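The listed protein sequences derive, respectively, from chains A and B. For the first sequence, counting from 1, position 359 maps to 1109 in the working numbering; every step adds exactly one. For the second sequence, counting from 1, position 231 maps to 914 in the working numbering; every step adds exactly one. Backbone N, C-alpha and C fix where the C-beta goes; we use that ideal spot for every residue, glycine too. These numbers were taken from a predicted model, which means no experiment stands behind them. Just below is one structure, and these are the notes that go with it.
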Amino acid sequence: MILTPKLTSLADVPYRSTLTALSGKVLCLHLTGEIVVNEVNFVRKCIATDTSQYDLWGKLICSNFKISFITDDPMPLQKFHYRNLLLGEHDVPLTCIEQIVTVNDHKRKQKVLGPNQKLKFNPTELIIYCKDFRIVRFRFDESGPESAKKVCLAIAHYSQPTDLQLLFAFEYVGKKYHNSASKVNGVSSGGGGVWSGAGSGSSQRTPLFETYSDWDREIKRTGASGWRVCSINEGYMISTCLPEYFVVPSSLADQDLKIFSPSFVGRRMPFWCWSHSNGSALVRMALIKDVLQQRKIDQRICNAITKSHPQRSDVYKSDLDKTLPNIQEIQAAFVKLKQLCVNEPFEETEEKWLSSLESTRWLEYVRAFLQHSAELVYILDSQRLSVVLQEEEGRDLSCLVASLVQVMMDPHFRTITGFQSLIQKEWVMVGYQFLDRCNHLKRSEKESPLFLLFLDTTWQLLEQYPAAFEFSETYLAVLCDSTRISLFGTFLFNSPHQRVKQSTEFAISKNIQLGDEKGLKFPSVWDWALQFTAKDRTLFHNPFYIGRSTPCVQNGSRKSFKRTKKSYSSTLRGMPSCLKNGIISDQELLPRRNSLILKLKTEPLQHTDSQNSGVDQYFKEWFSKPVNLHGIILPRLSGTHIKLWKLCYFRWVPEAQINLGGSIMAFHKLSLLADEVDMLGRMLRQHRSDPLEACYAELDQSRMYFRATGPHDTLGTPEFLSSSFPFSPVGNLCRRSILGTPLSKFLSGAKIWLSTETLANED
Amino acid sequence: MASASTSKCNSYALENESIKMVSQDGLSQDLSESVPQLPGEILITDKEVIYICPFNGPIKGRVYITNYRLYLRSLETDLRNLRFALKQEGHSRRDMFEILTRYAFPLAHSLPLFAFLNEEKFNVDGWTIYNPVEEYRRQGLPNHHWRITFINKCYELCDTYPAVLVVPYRTSDDDLRRVATFRSRNRIPVLSWIHPENKMVIMRCSQPLVGMSGKRNKDDEKYLDVIRETNRQISKLTIYDARPSVNAVANKATGGGYESDDAYHNAELSFLDIHNIHVMRESLKKVKDIVYPNIEESHWLSSLESTHWLEHIKLVLTGAIQVADKVSSGKSSVLVHCSDGWDRTAQLTSLAMLMLDSFYRSIEGFEILVQKEWISFGHKFASRIGHGDKNHADADRSPIFLQFIDCVWQMSKQFPTAFEFNECFLITILDHLYSCRFGTFLFNCESARERQKLTERTVSVWSLINSNKDKFKNPFYTKEINRVLYPVASMRHLELWVNYYIRWNPRIKQQQPNPVEQRYMELLALRDDYIKRLEELHLANSAKLSDPPASPSSPSQVMPHMQTHF
């Protein structure tokens, strides 16, 4: 039994070629540099709390990368073969562990295991709370008490390293360099960018914004004038939390910037993010801490930004610290959300579900960020003002707001490559503190799920405009999971400088010759082939997406989406003809001036000050027109529109799974059709070029996970589909019997559940 | 939106209203041209007004009252109809004209409902959709254990039941009459649905007349045992009393009650805790309060929770899941009742049947389900809706059927490919539940409809729907046989049906059409285009090569053909 039937070649995966046979039945794959620290046999993985009938027997292994559970029964529980190449079905990466609880039910003792702690009892049970909302529970009734204790302590020790360099990625990269000493790069994340390879046929390079040229290209792509790439931070000489290259107003000379820099928090000078085709720019800036200089510098900066605007428009400043929830509040909301989704017994939370969800404030914050970003879209697009996002350090809330504004405004960032480049540009390179915010080193006071919040807000837009995004919600969820795998340099550091500094130190200590390189090259998360097979990666593609070149038929005639670079301005909103249907056409025929929405001057709920009414008017006007999926998209913000991202938060909860249900059913159906259309399109092209020599090679390529086997596919729906797909809660802890009739979901049954909070205080 | 197609006209109709034709002829020619009218619809009066729109403030316009609808035309520059005006549930009509009251509540003024005046013609007759004998035959009935009886042919046994009933083969008509004496309003246990393989059945009835003294009836007890015995292997018949147990006990005071363990040894009774019509009515009123005219935004979720509407939906769905599960797993046949067996019972049997039998998930199947479990079995539509009746505080009114449709919508959300019909189908049904344009939902029971010769004098709503089926089709529908559909009846998945309850609020307006459906339709068109062009190219090539291949006759045959030839 080989766990990776879809694996085409081992070169795809960063595995050592030695596959270790375990239990005589199952092969356990180990990564380069991965070492088994401890293991224990005859362990029971609990599946339901009220019965042991479904429990799995196997071996629990702790390595320096993950916890593995190798079942005695080689049959996987998952009925489908979607899996992470780095992880087995029951594995948990160490960086995904949130809390480790050991229990001895005979002695009625339980303890939350911190690093380097002693355990005075032999655990009968181990509960792992994961950052991705999974809960895994093991019982040691039949295993040796000493070895059980050892494995628990090993997990506690290795999942809570005291130093960054103890994270597995360092070990992995170090070994890679040793193994391939002759090569310049151990792994495939060359400085020039990463081929995302999210799906076959459409691989594009993801710019990492590590180089001068990436920034320069972005300036040109947006058509910005009055902005230049600045190199004063080469070698991180000015600021250790800014990238080496960033974009500034052309009118600011390097010398000026050098003089101003000490006045900013973290020496973070203002830097450009994006420009609208109307010339308005989006700029991020830290606070000026030097009170005496404050006004003067501020003035200089604003003047420079104004000069960079073709209309010399004023600058609109948005103080994010004053208008949005702070990172602590966001973290608190997330903790409550997690508590609600995971820790509480399913049935007991049912009655008060809605109000409990509301009281977590998570959705309120989701909405606040969407709303604020949408208002900035108004400023940039309609007011034609440049916007400066101001935040104390300028490396938290502004990452989220800057990204969200760009997702709404620029269709490029709604493609896979564009979205990845956005994360590089607004998060990774400009010093979002992934190490602290993801809490890889378990120093919880700095933890905050801002990046997840960004993915959640993006999901809200995807949910509202399913045809506007090239990627699927699976992609977003997998991206979130990838922040919790300690292998990718992308989400490991607080800044690019930290990567260089730490890895150079590490290289020296390990005798690795770096040559000209600035630090070790870690694998990039955008190299998706490290985690998923080409087939599995097709699930990242959203079959509903209407790409720019996607042809489309209406009334028998074929039309292509064509747009010039500037057409994404809402003022030039062009309606692709194929999006029109009867109703919208009716509206289109009506003169705009007479539209209902425009007349709403007597709006009872209207804000009185002119700024707000302008926003309202802008939104109303925008919503009254048909959506141009290749232009600006704005979120609907009413309470009925902001939803909980169920795939992300419920996917591990067996009780919440809808078998053969959920939006995946429509996704599946549409994928089959899209695949068939692709196939027909290819046949048509081949037929045209040379009907006699048309080859079949191209026919095997598909963007779709679900493939059509022929026209009008009638093979039926795969029975493994569920609202959790492609994730599977099967094998995860359930507060009820999971198998059997749906009745068991609602009726009787005792529950024993330990909440993290009560445990935290016990010893 | 300014479409005057017949299918949209319902939207202008007033809630709970229908209007009579009067001989007075007050319509001028030009006006009748500008206001959309149905055949048989006549303008009664019109007047310039200022409409206080709850969303947009005052709007100058002209209001037209016909015998079918109240219609407001804005006089401000455009031809847009402000049709959201008066459609909201329970909207206060205090500033309406007296004439409106007359035509809005024709029954209170001895005027006929508009359905009797409607002269619309459709190319399909919706009245023929449901034939009980045919439907039972589809289920494989009669068989060795079950027979079709015409004992109620003239509605003598039970005046609120249909004429055709299915009962155990072993029970004689005389036995049935004796059982009827012990069941509230003579609504005896009869078969609603039989499982095609394990032969477990869903039975429906009203509560037994146990009373305070705990009366027993040997015939009723024996009858239930006969039902149980149609399946040899089961030891107990499951009885689901839809009510909360307290309510069931309280019903004893008025002569009702439930099947006690002592009297019914071979039955197992459970209560499903679904509340009565009054609770549901009040709950929906609260929903209205939080969405109209303004949506309660600051605490939307807790406001929604405080209406308990979704909680009631959850209980109804949970009950139906239990019925479906018992039957589908072959554990037991099920008898469902509440007090009278025409509200909660209809919800439970019809939802369970929808879960169990994929036939009912087709457009025609669903129409049959509604005709059968709701209309023919005497859900009191006239009383629950109050068609043409002015007494809107009537305690008999309750949105029970709406709640059922909401449950169906919840299921269709969870299983987007399982239903042939779309959301528009459900909304159209609900619009005509209130519009009185069609006869389908008029009157309380089959016997009354027969007396009124409803099928001759009115048009069925299914005529409208079936003559334009494409509009009501779900493009993602994947026909499945024998799949039991278990929705997850959890608050985590239940949602407020925004497109129905808040559809008149311009702020909530959803993307129309649904972008996902639209994308699918586009791809379908593209596929057909490609197939056509491939076919053409193929024909051209084969002509060139003078190699005559069999030319494909339909798109579905093209592909395999081409794969071998290209």
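Query, Result
"Looking at chain B, is there any beta carbon in it that lies within less than 8 Å of the beta carbon of residue 1421 of chain A?", "no"
"If you drop the 5 nearest sequence neighbours on each side, which residues of the same chain put their C-beta closer than 7 Å to that of residue 946 of chain B?", "899 and 904"
"So what does residue 951 of chain B bridge to, in DSSP terms?", "B/921"
"Please list the terminal residues of the continuous beta strand (DSSP E) segment that includes residue 886 of chain A.", "885-889"
"Using DSSP bridges, identify the partner residues of residue 860 of chain A.", "A/853"
"State the beta-bridge partners of residue 1035 of chain A as determined by DSSP.", "A/1140"
"Buried or exposed for residue 1292 of chain A, going by 16 or more other Cβ atoms inside 10 Å?", "buried"
"Taking a contact to mean a Cβ-Cβ separation below 8 Å, would you say residue 1288 of chain A touches residue 1453 of chain A in this structure?", "yes"
"In chain order, which beta strand (DSSP E) runs of at least 3 residues are fully inside the region 830-896 of chain B?", "848-851, 873-877 and 884-888"
"For residue 1357 of chain A, does the three-state DSSP call read helix, strand or coil?", "Residue confidence for residue 1357 of chain A is low, a pLDDT of 40 falling below 50, so the modelled location carries little weight; the figure read from the coordinates is stated next. DSSP places residue 1357 of chain A in coil when its eight states are reduced to three."
"Note the first and the last residue of the continuous alpha helix (DSSP H) segment covering residue 922 of chain A.", "918-929"
"Drop a sphere of 10 angstroms on the beta-carbon of residue 878 of chain B, count the other beta-carbons inside from all chains shown, and report buried for 16 or more, exposed for fewer.", "buried"
"Is there a Cβ from chain B that is less than 8 Å from the Cβ of residue 1162 of chain A?", "no"
"Give me whichever residues DSSP pairs with residue 979 of chain A in a beta bridge.", "A/997"
"Find the residues of chain B that neighbour residue 1416 of chain A, judging by a C-beta separation of less than 7 Å, and give them in chain order.", "1099, 1100, 1159 and 1199"
"Just the Cα atoms here: how many angstroms apart are residue 1091 of chain B and residue 1003 of chain B?", "11 Å"
"Check whether the Cβ of residue 1470 of chain A lies closer than 8 Å to any Cβ atom in chain C.", "The question asks about chain C, but that chain is absent: this structure's protein chains are A and B."
"What residue range does the beta strand (DSSP E) around residue 741 of chain B cover?", "740-749"
"State the CB to CB distance for the pair residue 887 of chain B and residue 1032 of chain B, rounded to an integer number of angstroms; the pair is presumed to be in contact (CB under 8 Å).", "5 Å"
"With residue 959 of chain A and residue 1175 of chain A assumed to form a contact (beta carbons below 8 Å), what rounded beta-carbon distance in angstroms separates them?", "5 Å"
"What residues of chain A sit near residue 987 of chain B, judged by a beta carbon separation below 7 Å?", "1104"
"Suppose only complete runs of 4+ residues qualify. What are the alpha helix (DSSP H) ranges in the region 1057-1112 of chain A, listed by chain order?", "1070-1073, 1077-1088 and 1103-1110"
"Consult DSSP for residue 1291 of chain A and reduce its assignment to one of helix, strand or coil.", "strand"
"What are the residues in the region 1082-1098 of chain B lying within 7 Å of chain A by C-beta distance?", "1097 and 1098"
"Which chain B residues are close to residue 1125 of chain A, counting only those with a beta carbon under 9 Å from its beta carbon?", "The premise fails here: residue 1125 of chain A is roughly 16 Å from chain B at the closest Cβ pair, so nothing lies under 9 Å."
"For a quick check, are the C-beta atoms of residue 991 of chain B and residue 953 of chain B less than 8 Å apart?", "no"
"Tell whether a beta-carbon distance below 8 Å holds between residue 1036 of chain A and residue 1015 of chain A.", "yes"
"Quick check on residue 1016 of chain A: does DSSP put it in helix, strand or coil?", "helix"
"In angstroms, rounded to a whole number, what distance separates the CA positions of residue 892 of chain B and residue 842 of chain B?", "17 Å"
"Which residue comes first and which comes last in the alpha helix (DSSP H) that contains residue 1149 of chain B?", "1144-1149"
"If the cut is a Cβ gap below 9 Å, which residues of chain B does residue 1522 of chain A touch?", "The displayed coordinates of chain A run from 751 to 1513. Any statement about residue 1522 of chain A would go beyond what the structure contains."
"Which residue wins for smallest C-alpha separation from residue 1199 of chain A, given the options A/1213, A/1184, A/1210 and A/1208?", "A/1184"
"For residue 747 of chain B, verify whether its CB is less than 7 Å away from any heavy atom of the ligand ADP.", "With respect to the ligand ADP, the structure offers nothing, as it holds no ligand at all."
"Determine, for residue 1103 of chain B, whether the minimum Cβ-Cβ distance to residues of chain A falls below 8 Å.", "no"
"Return no unless some Cβ of chain B is closer than 8 Å to the Cβ of residue 1289 of chain A.", "no"
"Might you give, ordered along the chain, the residues of its own chain that have their beta carbon closer than 6 Å to the beta carbon of residue 813 of chain B, omitting 5 neighbours on each side?", "1051 and 1054"
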